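Trainee: The opening position of the sequence shown corresponds to residue 30 in the working numbering, with each subsequent residue numbered one higher. Would you mind keeping the following structure in view while I ask a few things?
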Amino acid sequence: MATSSHHLDDQNRFIRDVDFLGSTTSSAGQKDIQAFFHDLLKLGMDFKTRAQVCERREPDLSNVTFGPLPVKGLTILELKDEFQALSQASSNWSSPTFMGFPDAGNGIAAIGAALLIPFLNQNLANQTICSPRATFVEMEVVHWLRQQIGFSVPDEYCRASEVGGILTLEGCLSNTIALMAAREFIFPGSAMNGIGAPPHRICVLVPDVIEHYSIRSAMSWLGMGENHVVRVPVDGEFRVRLADLEGAIDRGRRAGRCILAFVAYAGDSRSMQIDHLDGIATLLRRKKVWFHVDACHGSQLAFSRNHRHKLAGIENADSVTIDPHKVLWIPNTCSFVLFKDPQRLANISTNSDLILKTQWSLGQVTPCIGSKAFDALKLWATIKYFGQDAIGNLIDERLELTTRIQMSVEERPDLVLLNKTNINSCMLIFVPEKTQSVARQHKIKLSVADCEKVRDINHSIYKHILKDGKWYLHGFNLKSCPCDLLDHDTSMYVLRTMNGNPLTTIDHVAGLLDEVVRKGNELVVQRGYRTLDSPLVEVSELATAQKLEALVNSLMQGYEYVALVYGSGAGSKQVMLSDIDLMVFVEDSFELTTDRKNAFEQAFRRIMKEESVQIDAEVSFDRKLLIPLSFAEHAATGAYLHEVDNDVVQIVKSQEYLSSDELIGRLVFNVLTVPHEHLCGSSILLDAARRTAGATLVRLIDRVSDSRRPLACDNFVRRALANEAGKFGEAYLGYKNRPEVIANLKSIWHEVRNDFDSQDYAMEPAQPPACVVLLNGFPGTGKYAVARTLRSKLGDTNTRLVDNHLIIDPAEAAHPGRGYEHKALRDVIRRAVFQDLKRLPENITTIVLTGCFGQNSEDVAVYAEHVEIAQARGVRFLSFTLTVEKSEHLLRLQSPDRVYGQKTKLNDPDVLETIMTNNEILDPTIVVDEGSDVDFRSIRHHLIDTTGLTVSESADRVLDIIAPQQQQQQRCASPA
């Protein structure tokens, strides 16, 4: 074997006999190579059989650098040392204590196949040249998998494209290929000619909460946009609500959207639940929607005679993805996508005359792949070695262990089990036993502040387990938790076991759970989290607060002052208490001597210690406990909130900054604008400063938002909580996403806006480039109300509004019933009005029109007349379709303005239902009208969902598009 660092002999030639393996390798060379491979095999065996998940945990890196390409090579001994170091820093998924994912990858048949694959080096791109036998091994595996999930299989195959499934690199790609086939089904020929509709008209439906990121990725990669993933509500067991699914399909289609597919989960990656596949299949078949099942986890049940029934309905899916490397002990990677109709796969095949165009070219029928490894051998060997009976028994044992894990969690009073799974996942959280008991005894949910503490503990447990290296369980944020202690929409960081290793026993699990409990209780003590005997209503109930009140009163005798408790200590119905944040504002005549500040701080610390209450000393006490009133009034003006590039300068947690006037000023500003509890003193002392701070905050958010007009309330709150870069909390303005904080911000907005309105605080109307705007939509979607508000925002003097009822109503008055004469008169009126609109002077920059146009030739012709106004004036034409959710739509239909107004407006829900069922709102971008000079495909068309929006907010959505932001300057007059 070569021992030099450059693999050259004395004549400067490569020692090919030991560096490359082939038929010319000598016997001596073969022995050296075998010895090398033997050492590597031993290294792999040692790695697989070690108890630790990870021997050497690499530090968390914020960045990484690499050196130049090596000029000289290593010796084989040096290379083995590199391999050794690499293995020590790698995670051993085959360890029995690795319970975060089921991908054990330790089946000896699959490992043996994985060792053989590079030796065989077959390329399934072409069977004749590159893989004479391997191609049929993959086809046979696909044949077996189709049988297992209930898809039909033929007696014989005549070409590779008939097999109806392919091996891919992994589940993300498998899901992408499934949606690619759905796209070709919805838009035939799109693989060759492109999609025949704009991306905003296409959406894919997924279950909320448990949706896997691969679907968003697939929509992005396929050019249809990850923002067009629509989430459908799920029940408490993470199964989609069928009525909501049907409603989502109907709403989407009424809004002119193409439903690409619905993705169901047979074992989602979080809760491992299996959806109602049978019921979903029936619904989607009736609605003619592509049905895709992500069974990357759940497909294991197809091998079990005892659990196969849980997959009922999967055989009715149009496509199914399977990940054997997750569930059948196969080394990474091994994934498949199967199609009920093999032609769906054939439709997205590629063509090449180079090496692919042959009868058995799997490379030709595998999207995104040309050269293709023989990875199917790993699953083929596993099935051959075990057979269905043994695989089924191993799956049954896996699920039996899952049941025992769930029981083990429930036996530990500090742990809460979140799911009873169909397969092999167990979600849990650590919540101190006393905390659970107090909450349940008083029949309350944990408060937002309590949940923040529970979230912190569980996240810290996960990081500890990860760093320790002895065990592994997974951790992630779940945006809705099925737990009696939490509100249904509470986001929580949860822990999860997912057992898949046949070598894992309940004893291994018990050790892990015991460590979770031990570390959780340790963190409770370290953090100073104390469970109260009853939920806290007001901080003044606490003996701690009463002692603090006595302390402040004794210190401030003869002076004007007010003491406030802020932060989590000011929240109501808390079960877990951490710290109490106190700030005392005092008149300037109170001299803040060092002795006074030190005495107050020492007394404060003594009380906290007596009451076992945590102290937050990140900001120096000598700076934040006692605040002169003049400093507070100055801070309220925003003097310490510095702005750079339309954003507030981020807080830097250096010791110097944390004791600076700027930081204290920002803290005071925050206290003035968040919920706080009055402890003692004169509360009116801060009234002026609070009002000033509120007005400052509203102006600040308007300014950093670079908005043309004052933000709506909800937008103000969102921007106050986080900036555009996603910075929030202490990294931004200090506001936490808590209900009481949000309510207080809304209260500030309303109070300030009322003051500003009375003082003519307003922005000048936005003046967009000249344009014609058409608002289209079904009756009751708010077209006229939005149009009127839009005109007001743009300025009455340079905007004209023509509502379609101004044309309809005269015709209806003369010829009720909308017959031929009615339509003829409408045509006359419309054309006369439109001729005048074309001739309006240039100072009329915006014309706003409303209408209700369907996808039919008559409406297309009238729609074209609207476009021609813009063409005649030489300005832009912008088209909008307004939509609204059904329940809100019906409420709007019954509004007094519609029912009792002077216009002939529709207010009968049954008539509206008939109209919406029998008609589809016009989408100009898919119109092909040979008889018109209008290029419909070039029209800028936008969908705006007005559900839950005020009329003003809906108009703002339109204005954001017609008046580009860079052309507008916010101009606010300061209050007098």
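Idealized CB from N, CA, C, for every residue including glycine. Remember, predicted model here, so these are calculated numbers, not experimental data.
1) List the DSSP bridge partners of G880.
2) Excluding five sequence neighbours on each side, which residues of the same chain lie with their C-beta closer than 6 Å to the C-beta of I369?
3) Just to confirm, is the Cβ distance from S908 to R986 under 8 Å?
4) Can you tell me the Cα-Cα spacing of V538 and T666, whole angstroms?
5) Does the stretch 696-709 come within contact of the stretch 938-947, defined as at least 3 CB pairs closer than 8 Å?
6) What whole-angstrom Cβ distance do S56 and D46 have, given they're in contact under 8 Å?
7) On a CA-only basis, which of A814, V980, A189 is nearest P161? Give me that one, please.
8) Does DSSP put V538 in a helix, in a strand, or in coil?
9) Is D279 helix, strand or coil when you go by DSSP?
10) Could you check where the beta strand (DSSP E) with L740 kicks off and where it finishes?
11) Return helix, strand or coil for D68, following the three-state DSSP convention.
12) Checking 8 Å against the spacing of the C-beta atoms, do S364 and E199 come in under that value?
13) In angstroms, rounded to a whole number, what distance separates the CA positions of K492 and L507?
14) Taking 6 Å as the limit between beta carbons, can you name the residues of its chain near V963, skipping five residues before and five after?
15) Take H517 and list the residues in its own chain whose beta-carbon comes closer than 7 Å to its own, dropping the five residues that flank it on each side.
16) Answer with buried or exposed for F965, where buried requires no fewer than 16 other C-beta atoms within 10 angstroms of its C-beta.
17) So is A646 buried or exposed if we call it buried at 16+ other beta carbons inside 10 Å?
18) By DSSP, does Q643 sit in helix, in strand, or in coil?
19) Apart from the five residues just before and just after D952, which ones in its own chain have a Cβ nearer than 6 Å to its Cβ?
20) Do the stretch 91-103 and the stretch 49-69 touch if we need at least three Cβ pairs shorter than 8 Å?
21) Just confirm the distance between the C-beta atoms of N528 and L430, as a whole number of angstroms; I'd bet it's less than 8 Å.
22) Out of F216, E191, D273, L514, point me to the one whose CA is closest to R260's CA.
23) On the CB-based measure, 16 or more other CB atoms within 10 Å of its CB, does R859 come out buried or exposed?
24) Quick one, which of A599, L654, D497, L606 has its alpha-carbon nearest R625's?
25) Determine the closest residue to V263 out of R283, Y294, L289, A247, with distance taken between C-alpha atoms.
26) Does the contact criterion of 3 or more C-beta pairs under 8 Å hold for the stretch 392-400 versus the stretch 414-427?
27) List the endpoints of the continuous alpha helix (DSSP H) containing I398.
28) Could you tell me which of L542, R905, G392 sits nearest to C159, measuring between CA atoms?
29) CB-CB under 6 Å to N752, same chain, minus the five flanking residues each way: which ones, in chain order?
30) Is S659 helix, strand or coil by DSSP?
31) Where I62 and L202 are concerned, what is the direct C-alpha to C-alpha distance, given to the nearest angstrom?
32) In angstroms with no decimal places, state the Cα-to-Cα distance between D865 and G223.
33) Taking the alpha-carbon of L571 as reference, which of F127, Q603, V477, E917 has the nearest alpha-carbon?
34) For the stretch 548-631, which segments carrying the beta strand (DSSP E) assignment without a break, of at least 3 residues, lie completely within its bounds, in sequence order?
35) For A799 versus V904, is the C-beta distance shorter than 8 Å?
36) Would you list, in sequence order, the uninterrupted beta strand (DSSP E) runs of no fewer than 3 residues that lie entirely inside the stretch 827-852?
Mentor: Let's see:
1) N805
2) Ile is not the amino acid found at residue 369; the sequence shown has Lys there. Answer for K369: F180, D347, listed in chain order.
3) Their beta carbons are not under 8 Å apart, which means S908 does not touch R986 by this criterion.
4) 57 Å
5) no
6) With a Cβ gap of about 10 Å, S56 and D46 do not count as contacting.
7) A189
8) If DSSP states are grouped into helix, strand and coil, V538 belongs with the helices.
9) helix
10) Looking at the DSSP string, L740 is not in any beta strand (DSSP E), and its letter there is neither H nor E.
11) Helix at D68.
12) yes
13) 17 Å
14) A893, V896
15) S509
16) Classification of F965: buried, given that the 10 Å Cβ count is 16 or more.
17) exposed
18) strand
19) G285
20) no
21) 5 Å
22) D273
23) Label assigned to R859: buried.
24) L654
25) Y294
26) no
27) From DSSP, I398 is part of no alpha helix (DSSP H); its letter is neither H nor E.
28) G392
29) D676, Y761
30) helix
31) 36 Å
32) 41 Å
33) Per the Cα distances, Q603.
34) As far as the stretch 548-631 is concerned, its whole beta strand (DSSP E) runs of at least 3 residues are 559-565, 590-595, 603-606, 610-615.
35) yes
36) 828-831
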